[in-house]
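Visitor: Before I ask anything, here is the structure I am working with.
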Amino acid sequence: PYTTHGKNFTFRLNFITLTLSSPQVHTDQEIKSELLNQFFIEMSRRWKVPTYIWRAEKQKNGNIHFHIITGKFIPWNELRNVWNRIQQKLGYVTRYRENRLNWHREGFHYNPDAPPAWSRAKQLKAYKDGLRTDWDNPNSTDVHSIRHIGNIRAYFVKYMTKSQTESGLAGRLWGCSVNLSHLSGARTDVDTKLEQELEQIFNHKTCWTLQTQYYTVYCIDHNVVKALGCDKLLECFDEYIRQKFPDQYPPTLF
Numbered sequence: 001p002y003t004t005h006g007k008n009f010t011f012r013l014n015f016i017t018l019t020l021s022s023p024q025v026h027t028d029q030e031i032k033s034e035l036l037n038q039f040f041i042e043m044s045r046r047w048k049v050p051t052y053i054w055r056a057e058k059q060k061n062g063n064i065h066f067h068i069i070t071g072k073f074i075p076w077n078e079l080r081n082v083w084n085r086i087q088q089k090l091g092y093v094t095r096y097r098e099n100r101l102n103w104h105r106e107g108f109h110y111n112p113d114a115p116p117a118w119s120r121a122k123q124l125k126a127y128k129d130g131l132r133t134d135w136d137n138p139n140s141t142d143v144h145s146i147r148h149i150g151n152i153r154a155y156f157v158k159y160m161t162k163s164q165t166e167s168g169l170a171g172r173l174w175g176c177s178v179n180l181s182h183l184s185g186a187r188t189d190v191d192t193k194l195e196q197e198l199e200q201i202f203n204h205k206t207c208w209t210l211q212t213q214y215y216t217v218y219c220i221d222h223n224v225v226k227a228l229g230c231d232k233l234l235e236c237f238d239e240y241i242r243q244k245f246p247d248q249y250p251p252t253l254f
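Using the UniProt record's numbering, read the sequence shown as starting at 1 and increasing by one per residue.
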């Protein structure tokens, strides 16, 4: 339901993760300025991705990493090749290679302290893959189509309301493409029917809220909105998207 094929447009939400392949030795700001910005430039030029939202987080190892939602699919192998080339600008692939060569200097070296997901078989496969690429193409990316879209929306809304103190990051925590940053809020006159529909949603058992000092976000799955028969509200959303994206309007979004 989240893929729409048109004459010159494919609407498909995808979730991308970018990580550093070795311990972070540059500031968060340097990583975003030197690497993330370059990735967005290449994403636009190479894959013609016009729209995206990104979010920065800290991993358990202290490294910054990035989650990105795009409206167009990117092949995983191309994504990895491009990101590894970009992060090599600051030497992260070289340091990864040096670490792996040292760790496996006498052949395959099993790490019993690795996370449970990294079984001996999985470590051995990673070792063979590393040998095949001379340790120059680390597994630094992930990309998959978004199916449980409600969970992704909830994730981004939740983390976009985090403060810098909570996140442990310096500088901007999230951002979006220029075309999204220029969007204005939707406005409409609230008549009796729309007011009743909003009241239904606010009181529904599956509706939950995220509150900040400045606003409250009400979150509910769009399938529930449809099941409740909130036609007026869906019509407002539909018209807003049609006006803002006339050339890329996905007709089966709702």
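Backbone N, C-alpha and C fix where the C-beta goes; we use that ideal spot for every residue, glycine too.
These figures come from a predicted structure and were not determined experimentally.
Just the Cα atoms here: how many angstroms apart are residue 9 and residue 50?
Guide: On the sequence shown, residue 9 is found 9 positions in, with the first residue counted as 1. On the sequence shown, residue 50 is found 50 positions in, with the first residue counted as 1. Confidence in residue 9 is poor, its pLDDT being 41 and thus under 50, which makes the residue's placement unreliable; the coordinate value appears in the next sentence. Cα to Cα, the separation comes out at about 11 Å.
Visitor: Less than 8 Å between the CB atoms is what I'm expecting for residue 220 and residue 207, so what's the real figure, rounded?
Guide: One-based indexing of the sequence shown puts residue 220 at position 220. One-based indexing of the sequence shown puts residue 207 at position 207. Yes, they are in contact, since the Cβ atoms of residue 220 and residue 207 sit about 4 Å apart, within 8 Å.
Visitor: Which residue wins for smallest C-alpha separation from residue 109, given the options 19, 93, 116, 128?
Guide: If you number the sequence shown from 1, residue 109 lands on position 109. With distances taken between Cα atoms, residue 109 lies closest to 128.
Visitor: Classify residue 5 as buried or exposed, calling it buried when 16 or more other Cβ atoms lie within 10 Å of its own Cβ.
Guide: Here residue 5 is taken as the residue at index 5 of the sequence shown, counted from 1. Note that residue 5 scores a pLDDT of 43, beneath 50, so its modelled location is shaky and nothing firm can be said.
Visitor: Measuring alpha carbon to alpha carbon, tell me which of 202, 227, 225 ends up nearest residue 217.
Guide: To locate residue 217, count along the sequence shown from 1; it is residue 217. Nearest of 202, 227, 225 to residue 217, Cα basis: 202.
Visitor: Beta-carbon separation of residue 69 and residue 92 under 8 Å?
Guide: Here residue 69 is taken as the residue at index 69 of the sequence shown, counted from 1. Here residue 92 is taken as the residue at index 92 of the sequence shown, counted from 1. Contact: no.
Visitor: Which residue wins for smallest C-alpha separation from residue 79, given the options 195, 224, 140?
Guide: Sequence index remark: in the sequence shown, residue 79 carries index 79 (1-based). Among 195, 224, 140, the Cα nearest to that of residue 79 is on 140.
Visitor: I'd like the span of the beta strand (DSSP E) that includes residue 319, first residue to last.
Guide: Because residue 319 is not part of the residues shown, which for the chain are 1 to 254, the question remains open.
Visitor: Can the beta-carbon of residue 83 be found less than 8 Å from the beta-carbon of residue 39?
Guide: As a working mapping, residue 83 is identified with position 83 in the sequence shown. As a working mapping, residue 39 is identified with position 39 in the sequence shown. Against a cut-off of 8 Å, the Cβ pair of residue 39 and residue 83 comes out as a contact.
Visitor: Once you ignore the five residues that flank residue 77 on each side, which residues in its own chain have a CB closer than 6 Å to its CB?
Guide: Along the sequence shown, one-based indexing puts residue 77 at 77. So the list is empty, once near-sequence residues are dropped.
Visitor: For residue 58 and residue 169, which I take to be in contact (beta-carbon distance under 8 Å), what is that distance rounded to the nearest angstrom?
Guide: Along the sequence shown, one-based indexing puts residue 58 at 58. Along the sequence shown, one-based indexing puts residue 169 at 169. The Cβ separation is near 6 Å, so the contact holds.
Visitor: Tell me the DSSP secondary structure of residue 14 in three-state form.
Guide: In the sequence shown, residue 14 corresponds to position 14, counting from 1. Note: residue 14 maps to strand in three-state DSSP.
Visitor: Residue 208 by DSSP, collapsed to three states: which one?
Guide: Reading the sequence shown from its first residue, position 208 is the one you call residue 208. DSSP places residue 208 in strand when its eight states are reduced to three.
Visitor: Is residue 133 helix, strand or coil when you go by DSSP?
Guide: Within the sequence shown, residue 133 is the residue found at index 133, counting from 1. In this structure, residue 133 counts as coil in the three-state DSSP scheme.
Visitor: Helix or strand or just coil, what does DSSP make of residue 218?
Guide: On the sequence shown, residue 218 is found 218 positions in, with the first residue counted as 1. Here residue 218 sits in strand by DSSP.
Visitor: Using alpha carbons as the reference points, say which of 35, 29, 135, 230 lies closest to residue 195.
Guide: If you number the sequence shown from 1, residue 195 lands on position 195. Checked all of 35, 29, 135, 230; the closest Cα to residue 195 is 230.
Visitor: Assuming residue 64 and residue 28 are in contact, meaning their beta carbons sit under 8 Å apart, how far apart are those beta carbons, in whole angstroms?
Guide: The sequence position of residue 64 within the sequence shown is 64, counting from 1. The sequence position of residue 28 within the sequence shown is 28, counting from 1. Yes, they are in contact, since the Cβ atoms of residue 64 and residue 28 sit about 5 Å apart, within 8 Å.
Visitor: For residue 72, which residues from the same chain have a beta carbon less than 6 Å from its beta carbon, with the 5 sequence-adjacent residues on both sides left out?
Guide: The residue given as residue 72 occupies position 72 in the sequence shown. Hits under 6 Å: 49.
Visitor: Answer yes or no: do residue 35 and residue 86 have a C-beta to C-beta separation smaller than 8 Å?
Guide: Residue mapping note: residue 35 aligns to position 35 of the sequence shown, counting from 1. Residue mapping note: residue 86 aligns to position 86 of the sequence shown, counting from 1. Yes.
Visitor: Determine whether the beta carbon atoms of residue 225 and residue 234 lie at a separation below 8 Å.
Guide: Translated into the one-based positions of the sequence shown, residue 225 becomes position 225. Translated into the one-based positions of the sequence shown, residue 234 becomes position 234. Yes, these two residues count as a Cβ contact at 8 Å.
Visitor: Taking residue 32 as the reference, give the member of 130, 238, 54 with the closest Cα.
Guide: For the purposes of this step, residue 32 is identified with residue 32 of the sequence shown, where counting begins at 1. Comparing Cα positions, the closest option is 54.
Visitor: Would you give the residue range spanned by the beta strand (DSSP E) that residue 57 belongs to?
Guide: One-based indexing of the sequence shown puts residue 57 at position 57. Per DSSP, residue 57 is one residue of the beta strand (DSSP E) stretching across 52-58.
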